[in-house]
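Enquirer: Residue numbers (my numbering): 925 to 1186. Heads up, the beta-carbon is just placed ideally off N, CA and C, and yes, glycines get one too.
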Ligand code: DGL
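The structure is reproduced here in structure tokens:
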């Protein structure tokens, strides 16, 4: 029997990765853990995020997963090494697949990265990009308002465009010549419409948008062996607003979930 793929995130945002995995592997069995009681990770210290990430890993290993995806960019940026060292099964974080997709997409070598405070402070995307292409340059920016905006469902219209404009104006346009922008956070794919529009407007030419959720699903290809029966088991540490939030990220209602303690 094929073992399931384990996916964890600080909350419901990682369901964007489940959605991307489902598109890539319709028959894979998935186990999702959303640490909704402790979300957000993006504003917490690396030490705390690492501790939380290790507890998520332990939970998934107890469910006998054969592969672990750290859907949360913040946890990937700050705790990938610790999680990989503690895991007997392969672990894929969001940063390397996102960085590689950005390098495949860029012509100028100037790449923008947006994410949470924790992700941007870690400089993990810069390292992953510059290690792979010496002459690449990275403009990165923390965009903390985009997470609540996506959760509220304000993913189009004046407010979303104005906030994207305010943020993206700081890393695009001018002398930066960024031609590729990495959405380095689980929540940002929901805002890809206004982000792409505003980014191209500011830059004066089309900006390639890299969705780290799709990049992770593509990276999982080499590890997914055999077929399951397309099940999704979902665990959360708090269920507040879950019925309302989960469909925004997953694309359809969550049929069932289990409330757990870590
Ligand atoms: N899942 C987080 C990330 O991708 C966003 C939400 C949070 O701050 O926990 O970085």
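With which residues is residue 1066 paired in a DSSP beta bridge?
Expert: Residue 1066 sits at position 142 when you count from the first residue of the chain shown. Beta-bridge pairing links residue 1066 to 1039.
Enquirer: Compare the Cα-Cα distances from residue 897 to each of 988, 945, 1122, 1001 and report the closest residue.
Expert: It is not possible to answer for residue 897, since the shown part of the chain is limited to 925 through 1186.
Enquirer: Just curious, the beta strand (DSSP E) that residue 1134 is in, first and last residue?
Expert: Counting from one through the chain shown, the residue named residue 1134 turns up at place 210. It spans 1132-1135 - the beta strand (DSSP E) in which residue 1134 sits, taken as one unbroken run.
Enquirer: In chain order, which continuous runs of the beta strand (DSSP E) of length 3 or greater are located wholly inside the region 952-1032?
Expert: Taken in chain order, the unbroken stretches of beta strand (DSSP E) that lie wholly in the region 952-1032 and span 3 residues or more are 954-958, 991-994.
Enquirer: Return the CA-CA distance between residue 929 and residue 1175, expressed in angstroms with no decimal places.
Expert: To locate residue 929, count along the chain shown from 1; it is residue 5. To locate residue 1175, count along the chain shown from 1; it is residue 251. If you take the alpha carbons of residue 929 and residue 1175, they lie about 19 Å apart.
Enquirer: Which residue from 951, 1065, 1126, 1151 puts its Cα closest to that of residue 1099?
Expert: Taking the first residue of the chain shown as 1, we reach residue 1099 at position 175. Out of 951, 1065, 1126, 1151, the CA that lies nearest to the CA of residue 1099 is found in 1126.
Enquirer: Taking all protein chains shown into account, do 16 or more other C-beta atoms lie within 10 angstroms of the C-beta of residue 1183, making it buried, or fewer, making it exposed?
Expert: In the chain shown, residue 1183 corresponds to position 259, counting from 1. The residue in question, residue 1183, is exposed, as its Cβ has fewer than 16 Cβ neighbours within 10 Å.
Enquirer: What do you get for residue 968, buried or exposed, if any count of 16 or more other CB atoms within 10 angstroms of its CB means buried?
Expert: Taking the chain shown and counting its residues from 1, one reaches residue 968 at position 44. Classification of residue 968: buried, given that the 10 Å Cβ count is 16 or more.
Enquirer: In this structure, what does DSSP give as the bridge partners for residue 1158?
Expert: If you number the chain shown from 1, residue 1158 lands on position 234. Its beta-bridge partners are 956.
Enquirer: Measure the Cβ-Cβ separation of residue 1036 and residue 1102 and say whether it is below 7 Å.
Expert: Locating residue 1036 in the chain shown gives position 112, where the first residue counts as 1. Locating residue 1102 in the chain shown gives position 178, where the first residue counts as 1. Yes.
Enquirer: With a threshold of 6 Å, establish whether the CB of residue 1110 neighbours any heavy atom of the ligand DGL.
Expert: Taking the first residue of the chain shown as position 1, residue 1110 is located at position 186. Residue 1110: yes, Cβ under 6 Å from the ligand DGL.
Enquirer: Our contact map puts residue 956 next to residue 934 with C-beta atoms below 8 Å; I'd like the distance itself, whole angstroms only.
Expert: Numbered from its first residue, the chain shown carries residue 956 at position 32. Numbered from its first residue, the chain shown carries residue 934 at position 10. Wrong, their Cβ atoms sit about 12 Å apart, outside the cutoff.
Enquirer: Within this structure, are the beta carbons of residue 1005 and residue 1155 separated by less than 7 Å?
Expert: Counting from 1 along the chain shown, the entry for residue 1005 is found at position 81. Counting from 1 along the chain shown, the entry for residue 1155 is found at position 231. No.
Enquirer: Could you check what DSSP says for residue 1166 in three-state terms: helix, strand or coil?
Expert: The residue labelled residue 1166 in the question sits at position 242 within the chain shown. Helix, per DSSP.
Enquirer: How would you label residue 997, buried or exposed, when you count the other beta carbons within 10 angstroms and need 16 or more for buried?
Expert: Counting from 1 along the chain shown, the entry for residue 997 is found at position 73. Classification of residue 997: buried, given that the 10 Å Cβ count is 16 or more.
Enquirer: Tell me which residues share the same chain as residue 973 and place their Cβ nearer than 7 Å to its Cβ, disregarding the 5 neighbours each side in the sequence.
Expert: Locating residue 973 in the chain shown gives position 49, where the first residue counts as 1. Once the five neighbours on either side are set aside, the close Cβ partners of residue 973 are 965, 998, 999, 1002, 1003, 1042.
Enquirer: Is there contact here, the region 1165-1175 with the region 935-944, by at least three beta-carbon pairs under 8 Å?
Expert: yes
Enquirer: Since residue 931 sits in a beta bridge, which residues does DSSP pair it with?
Expert: Sequence index remark: in the chain shown, residue 931 carries index 7 (1-based). Per DSSP, 956, 993.
Enquirer: Is any heavy atom in the ligand DGL found nearer than 6 Å to the beta carbon of residue 1116?
Expert: Residue 1116 sits at position 192 when you count from the first residue of the chain shown. False, no ligand heavy atom lies under 6 Å from that Cβ.
Enquirer: Could you spell out the range, first to last residue, of the alpha helix (DSSP H) harbouring residue 1114?
Expert: On the chain shown, position 190 is the one that residue 1114 refers to. It is not in any alpha helix (DSSP H) - residue 1114 carries neither H nor E in the DSSP assignment.
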